[in-house]
Structure formats: structure tokens, C-alpha cells
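**Q** Before I ask anything, let me first share the structure, which is written out below as C-alpha cells.
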Amino acid sequence: MVSDAATLQELRDDLALGCGEGIAVDLEHHSFRSFQGLTCLMQLTTPRRDFIIDCLAPEVRPFLGAALGPTFADGGVVKVLHGANSDILWLQRDFGLYIVNLFDTGQAARYLNYPSFSLAYLLEKHAHITNVSEMKHKYQLSDWRVRPLSSGQLLYARSDTHYLLPIYDILRCELAAKSQQAIREVLKVCSGLCRLCYRKDVFDPLSLIRATAKFTQRGDNLTPSSQQRAVLLWDCEMSRG
């Protein structure tokens with residue numbers, strides 16, 4: 011577990027040895043009853059070892075951008091993620107990290123017309139992990155803010171990236187067997203994901219209408235009342251304070 015300055019340095023030292031053809035990355039995020047959400051855990055697998063990074067540790071969180079930035083921005087290192095749409099934005103928002111050279115295994119599964127595009131399916135099919143669905147049901151919606159993490163949570167988190175690099179190799183070969191165009195199409199989608207840009211929500215009249223719509227019946231007037239506007243403005247101010 012990367013949870014202090016010493017273990018963060020171990021991560022830096024491992025990355026400095028080189029990443030071969032790639033690293034695997036995944037995040038555990040908390041958004042329930044949170045104004046913007048926060049990244050609580052990062053799993054990172056290099057060719058040599060698995061790292062579970064405590065993104066809430068005060069000796070780690072402020073320094074992750076500097077520690078991981080060069081590797082994440084290195085176009086010579088493939089970053090393998092699954093379903094990267096949200097991860098791309100959370101990495102930017104919380105750590106100022108931008109990914110260059112992404113391979114999204116979910117996008118590859120879509121292009122290959124797999125019966126399921128989920129990571130659980132890929133782990134069962136290619137890594138022969140039989141209890142993935144059970145672990146996902148038990149731990150996916152965990153409150154990842156709570157410390158200490160249980161051994162089950164750590165095992166679940168580790169499994170998200172531990173097998174991703176060999177799965178990447180399998181999917182890459184299947185795409186190549188299909189055609190070179192298949193690889194180019196998947197990489198084109200992945201390149202588009204890398205260009206996603208996090209933008210902080212702006213509190214404006216449309217925000218008020220969207221918020222009001224959550225608590226009204228279809229067809230009702232969506233113009234917020236003065237009371238609703240006051241409450242929403244107060245909530246915005248307190249949440250960002």
C-alpha cells in the first residue's frame with residue numbers, strides 16, 4: 011500500500027526502472043452525498059509489481075501529480091484502463107494528471123463484439139477468475155473513504171489491474187487478427203478519450219432548472235422558486251467552501 015512518503019518513493023523508483031510496453035491503472039471513486047466526488051484509491055500495475063495507492067493519505071495525495079505525471083504523459087508507455095471515460099476526468103480534477111497513449115480494454119471488447127464489455131467478463135474469460143461477479147457485488151459500491159481497508163477490498167482493488175496487462179496483450183492480438191484497421195479504430199476512440207477535459211460545474215440558471223427537475227413531476231413548472239434558489243445557492247457555497 012502506498013500510503014506515506016517512503017512507499018511513494020518506492021513507486022517512483024519502480025517507474026524509473028521503465029515500464030516496458032505499458033502500465034495498468036484503475037481508480038476507486040466516491041461520489042455519494044458528495045458535491046463533486048473524490049478519488050479515494052488508485053491501483054497501478056507495472057511490469058514488475060502491483061501498487062495500491064491511498065489517494066487520501068496526506069503524504070501521498072498532494073504529490074501524486076508530480077510522481078506519476080511524467081509516466082502518464084509519456085507517449086512511449088501504453089496506459090491500459092477499462093472504461094476510462096470517468097477516470098480520465100477524475101485524474102485531471104484531483105491530481106492534474108493527463109493520459110497520453112491510452113488503450114481502453116472496454117473499447118476493444120466493444121469492437122470485437124464480445125457478449126459483454128465489462129471488466130468482470132474479461133477477467134472471467136481471459137484470466138479465469140471465477141468469483142469476479144461475487145466480489146464486484148460485494149465491494150464495487152464500498153465506501154472507499156473508510157480506513158483501514160479490509161483484506162477483501164484490497165484483493166478486489168488489486169484484481170482490477172493485476173490482470174489488465176495480459177488481457178491487453180490478448181485483445182491486441184485479437185484486433186490484429188481481425189485487421190490493422192481494427193487496431194486503428196480502437197486507438198482512435200482511445201485518443202478521443204485522452205482529449206476529454208474536466209470542467210468544473212458552473213452554477214447558473216440552467217443548473218437550477220436541472221436541480222429543480224429532480225424533485226418535480228413531469229410537466230410541472232421547472233422555474234425554481236425563490237426558496238429553492240436560496241437553498242441551492244447556499245448548498246453550492248457551502249459545498250465549495
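Numbering (the numbering used here), first residue to last: 11 to 251. Backbone N, C-alpha and C define an ideal beta-carbon position, used for all residues, glycine too.
Is there contact here, the region 172 to 181 with the region 125 to 137, by at least three beta-carbon pairs under 8 Å?
**A** yes
**Q** Using the C-alpha atoms, what's the distance from Glu20 back to Arg157?
**A** To locate residue 157, count along the sequence shown from 1; it is residue 147. To locate residue 20, count along the sequence shown from 1; it is residue 10. Rounded to whole angstroms, Arg157 to Glu20 spans 22 Å at the Cα level.
**Q** With DSSP as the reference, label Gln46 as helix, strand or coil.
**A** Locating residue 46 in the sequence shown gives position 36, where the first residue counts as 1. Coil at Gln46, not helix or strand.
**Q** Using DSSP with H/G/I as helix, E/B as strand and the rest coil, what is Thr140?
**A** Within the sequence shown, numbered from 1, the residue matching residue 140 stands at position 130. DSSP places Thr140 in coil when its eight states are reduced to three.
**Q** Among Leu107, Asn95, Arg239, which residue has its Cα nearest to the Cα of Leu78?
**A** Translated into the one-based positions of the sequence shown, residue 78 becomes position 68. With distances taken between Cα atoms, Leu78 lies closest to Leu107.
**Q** Would a C-beta distance cut-off of 7 Å place Arg120 and Phe127 closer than the cut-off?
**A** Position 110 of the sequence shown, counted from the first residue, corresponds to residue 120. Position 117 of the sequence shown, counted from the first residue, corresponds to residue 127. Yes.
**Q** What are the start and end residues of the beta strand (DSSP E) that includes Ile62?
**A** The sequence position of residue 62 within the sequence shown is 52, counting from 1. Counting along the chain, the beta strand (DSSP E) containing Ile62 begins and ends at 60 to 64.
**Q** With 16 other CB atoms within 10 Å as the buried threshold, where does Val55 fall?
**A** What you label residue 55 is simply residue 45 of the sequence shown in a count that begins at 1. Rather than Val, the amino acid found at residue 55 in this sequence is Thr. The residue in question, Thr55, is buried, as its Cβ has 16 or more Cβ neighbours within 10 Å.
**Q** Looking at Asp6: is its Cβ nearer than 7 Å to the Cβ of Gln53?
**A** The requested residue 6 is not part of the displayed model; the chain covers only 11 to 251.
**Q** Which runs of the beta strand (DSSP E), 3 residues or longer, sit entirely within the region 66 to 141?
**A** Annotation note: the region 66 to 141 contains the following uninterrupted beta strand (DSSP E) runs of length 3 or greater, listed N- to C-terminal: 88 to 91, 112 to 114.
**Q** How about Ile98 and Leu206: do their beta carbons lie closer than 7 Å?
**A** What you label residue 98 is simply residue 88 of the sequence shown in a count that begins at 1. What you label residue 206 is simply residue 196 of the sequence shown in a count that begins at 1. Yes, the Cβ-Cβ distance between Ile98 and Leu206 is below 7 Å.
**Q** Along the alpha helix (DSSP H) that carries Leu37, what are the first and last residues, could you check?
**A** For the purposes of this step, residue 37 is identified with residue 27 of the sequence shown, where counting begins at 1. Leu37 -> not in any alpha helix (DSSP H); beta strand (DSSP E) instead, spanning 32 to 40.
**Q** What does the alpha-carbon distance come out to for the pair Leu48 and Asp179?
**A** Counted from its first residue, the sequence shown places residue 48 at position 38. Counted from its first residue, the sequence shown places residue 179 at position 169. If I take the Cα positions, the gap works out to 31 Å.
**Q** Does the Cβ of Trp154 have 16 or more other Cβ atoms within 10 Å, making it buried, or fewer, making it exposed?
**A** Position 144 of the sequence shown, counting from 1, holds the residue named residue 154. By the 10 Å Cβ count, Trp154 comes out buried.
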